[in-house]
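Peer 1: Sending over a structure as structure tokens; questions will come in a sec.
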Amino acid sequence: MSEPDLKKLSINLATLRGQCDLVQAVDVCLKHGITAIAPWRDQIAAVGLDRAARAVRENRLQVTGLCRGGMFPAATPEERQAAIDDNLRALEEAVALSADCLVLVVGGLPDGSKDIGAARQMVADGIAAILERCRNAKMPLAIEPLHPMYAADRACINTIDQALDVCDILDPDNTGGIGVAVDAYHVWWDPRLEAALARAGEGNRILAHHICDWLVPTKDLLLDRGMMGDGVIDLARLRRLVLAAGFDGPQEVEIFSAEDWWKRPADETARTCVERWRTHCQP
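If you count the sequence shown from 1, position 266 lands on 278 in our numbering, and the numbers rise without skipping.
Okay, structure coming up:
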């Protein structure tokens, strides 16, 4: 079997958050032959958008996504408008980086609310408010469903089907500009995973594919993601399903690991990402 093409590997810079700023992380990735990244907005702010865009441009990097927009639900109209305004700033940053998509972590329940249906409507309304601007800028929006444990505080969209429902409401004719980000950590458990990915493929709705592993036990539900191969997710099968659905873009390694990988040298983390991607994530 031939070696997999490293152009099909991206590093979400959350994976190196504990060791590097954005520019340093780019250098680490390039050292290991990785030419695709996905930065977070706070990492961009820390070095400045101009410097971040220059690092991308001068090194001819693919930006597989900008993390993140979203967080639409809020208790007041003023707060909801502030979220929309912030998403439009995220759009400008994504365009400056020539990102493949703007990833949306949509937000959970507003303070004091127990109405998850209303929160989901606020998500749809918020995306609708920015969708035309994003289309005009040719920047696709990738709704990322998060595991149900995050439904209250981070994302009230929790399955690929729910994300696709929003896509179908806002883009019923499938003219493009909106789709989903498939993150292994968040969707691996879904009994409808295969059918949902096939549905996404019918509309060419898959815009990103994120990978890491689910550890047993998981010590922290946010900050204890596993390196590929250290947990229970069948990442090779997931990749086969994603490919069958028509998405062949890079697999983006996104590992939040406060007590393990963020404490190791960045060089070791990046090298291990490459090794494990080769051995555990190929279809």
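Ideal Cβ positions, reconstructed from N, Cα and C, are used throughout, including at glycine.
Predicted model, so just to flag it, every value in this text is computed and none were measured.
1) Inspect the CB distances between the stretch 168-187 and the stretch 196-204 and report whether three or more fall short of 8 Å.
2) Decide yes or no for the touch test of the stretch 159-168 against the stretch 25-44: beta carbon pairs closer than 8 Å, at least 3 of them.
3) Bridge partners of H222, per DSSP?
4) Any idea if P229 is buried or exposed, counting beta-carbon neighbours within 10 angstroms, 16 or more meaning buried?
5) Under a Cβ-count criterion, where at least 16 other Cβ atoms within 10 Å of its own Cβ denotes burial, should L234 be classed as buried or exposed?
6) Quick check: what's the CA-CA separation for D17 versus E91?
7) Are the CB atoms of L73 and W52 nearer to each other than 8 Å?
8) If I follow the unbroken beta strand (DSSP E) through A154, where does it start and stop?
9) May I ask you to verify whether the stretch 99-112 touches the stretch 60-79, counting CB pairs closer than 8 Å and requiring at least 3?
10) Closer than 7 Å by C-beta to A149: which residues in its own chain qualify, once you throw out the five before and the five after it? Chain order, please.
11) Going by the beta-carbon positions, is the gap between N71 and V38 smaller than 8 Å?
Peer 2: Taking the geometry as given:
1) Yes, they touch.
2) no
3) According to DSSP, H222 bridges with D195, E264.
4) exposed
5) That one is exposed.
6) 44 Å
7) no
8) Membership of A154 in the beta strand (DSSP E) is indicated by the continuous run 153-155.
9) yes
10) L103, V107
11) yes
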